Amino acid sequence: MRPPSPSIPEKEFLNSALKQNLRIDGRIPLDMRTPVFIFGPELGWVDCSLGKTRVVAYVDAKMVKPTPERPFEGMITIHSELSPYGVQRINSPRPSEEEVTITRMLDKIIKRSDALDKESLCILAGQRVWHIRLSLHFLADAGNMVDCACLAGIVALRHFRRPEVEVIGDDEVIVHSPLERAPMPLAIHHSPFCFTFAFFADPETPPILDPTQLEQRLSAGLMSIALNAQKEICVLQKLGGVPQDTEEILRLVKVAVAQAKELSNTVDAKLTADWATRKVEVR
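Note that our numbering gives residue 915 to position 192 of the sequence shown, counting from 1, and the numbers run on in steps of one.
Laid out in structure tokens, this is it:
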């Protein structure tokens, strides 16, 4: 089932407001919605919301045998699922085009950018490594699901703790309970965040950051920039739409850099506050 197309009054009202640097939810063009995090009772469970867009991320780990090509590296897999109750565009049991696009984008941002140190997941070279699985469940789509999913995934990975293991001899591995030894955080090199800009066919309409569902559907193209607080660009992807000058792209990259620094500070503060409320007893 697909939602009805925007009406002509909706289109005219939105275009008129954007030309005046106004948006329906009260933001200015280059403002993003304030992220809200809810941490679950288990480490690695995060409910992330951008406005009414909501994604739940969960991380779990298990010991597996590494691949012969990479005996010293652990494995990371990303699984996404769009709920048919929260995302109305789903009408087939097969993955939708949007779901495939989001999964590929997350694969580039999290896995190919080496955000997570895979060598630190090795327990016994060639025998046992950690397999980290990141599961994303899209509960509500109010626009810009890719940014919300990336944010939820990064926060969940940083929130997660794996059990402490001890290697005895050449092949004996002891997995310690959290009551015996404190769980270990994952070795994360950097925290990339994704920022999506929407462009419109009318040259008088400025590009906007973090588009809502209506803004996204009425836009002529999207551009996603994934980068960290250290100004390192991991992914820059533009999906069709009107062409943009180099100066405009660089201007939006600077906007994304400023947003990444602010978002990094917010995530750090939220994780610190949540960890302070948890008590881990170590014998």
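We put the CB at the ideal spot given by N, CA and C, even for glycine.
Everything numeric in this text was worked out from a predicted model, so none of it was measured.
| Item | Value |
| --- | --- |
| Could you tell me whether the region 876–884 touches the region 785–793, using the rule of 3 or more Cβ pairs below 8 Å? | no |
| Buried or exposed: Glu938, going by 16 or more other Cβ atoms within 10 Å of its Cβ? | buried |
| Report, in whole angstroms, the separation of the C-beta atoms of Lys777 and Leu862, which I expect to be a contact under 8 Å. | Contrary to the premise, residue 777 reads as Arg rather than Lys in this sequence. With a Cβ gap of about 4 Å, Arg777 and Leu862 count as contacting. |
| Roughly how many whole angstroms lie between the Cα atoms of Thr919 and Ile911? | 23 Å |
| Under the assumption that Leu859 contacts Ala780 (Cβ atoms under 8 Å), give the Cβ distance between them as a whole number of angstroms. | 5 Å |
| The beta strand (DSSP E) spanning Ala848 covers which residue range? | From DSSP, Ala848 is part of no beta strand (DSSP E); its letter is neither H nor E. |
| Does the beta-carbon of Ala838 have 16 or more other beta-carbons within 10 angstroms, so that it is buried, or is it exposed? | buried |
| Can you tell me the Cα-Cα spacing of Glu955 and Lys742, whole angstroms? | 32 Å |
| With Val888 as the anchor, note down where its beta strand (DSSP E) starts and where it stops. | Val888 to Ile891 |
| Could you check where the alpha helix (DSSP H) with Ile956 kicks off and where it finishes? | Unbroken run through Ile956 is the beta strand (DSSP E), Ile956 to Leu962; no alpha helix (DSSP H). |
| Report yes if the CB atom of Cys873 is closer than 7 Å to the CB atom of Phe795, and no otherwise. | no |
| Cα separation between Asp991 and Ala848? | 33 Å |
| What would DSSP say about Phe883, mapped onto helix, strand or coil? | coil |
| CB Gly866 to CB Pro791, shorter than 7 Å? | no |
| Sorted by chain position, which residues of the same chain lie with C-beta nearer than 8 Å to Ile833's C-beta, five sequence neighbours on each side aside? | Ile799, Ile801, Leu839, Leu857, Cys873, Gly876, Ile877, Leu880 and Pro915 |
| At what residues does the beta strand (DSSP E) containing Ser772 begin and finish? | Trp768 to Leu773 |
| Given this structure, state the Cα-to-Cα distance separating Cys771 from Val823, to the nearest angstrom. | 20 Å |
| I'd like the list of long-range same chain contacts for Gly964, defined as Cβ closer than 6 Å, with 5 residues on each side in sequence excluded. | Phe922, Ala943 and Gly944 |
| Met755: which of Ala999, Ala979, Thr995 and Leu994 sits nearest, CA to CA? | Ala979 |
| Where do the ends of the alpha helix (DSSP H) carrying Lys977 lie? | Thr969 to Ala999 |
| Taking only the alpha-carbon atoms, compute the straight-line gap between Ala981 and Lys734 and give it to the nearest angstrom. | 30 Å |
| Span of the alpha helix (DSSP H) holding Phe923? | Where Phe923 is concerned, there is no enclosing alpha helix (DSSP H), given that its DSSP letter is neither H nor E. |
| Do you know offhand how far Ile761's Cα is from Cys871's? | 13 Å |
| Going by Cα to Cα distance, which pick from Lys775, Lys841, Lys831 and Thr1000 is closest to Pro789? | Lys841 |
| Let me make sure I understand the geometry here. Which of Pro729, Ile747, Gly749 and Leu766 has the alpha-carbon closest to that of Ala999? | Leu766 |
| Taking its Cβ as the centre, do 16 or more other Cβ atoms sit within 10 Å of Arg969, making it buried, or is it exposed? | A small fix is needed here, since residue 969 is Thr in this sequence, not Arg. It is exposed - the Cβ of Thr969 has fewer than 16 other Cβ atoms within 10 Å. |
| State yes or no: is the C-beta of Leu959 within less than 7 Å of the C-beta of Ala983? | no |
| Beta-carbon within less than 6 Å of Met946's beta-carbon, same chain only, minus the 5 sequence neighbours each way: which residues are those? | Phe920 and Lys961 |
| Of all the options Pro732, Pro758 and Leu745, which has the alpha carbon lying nearest to the alpha carbon of Ser987? | Pro758 |
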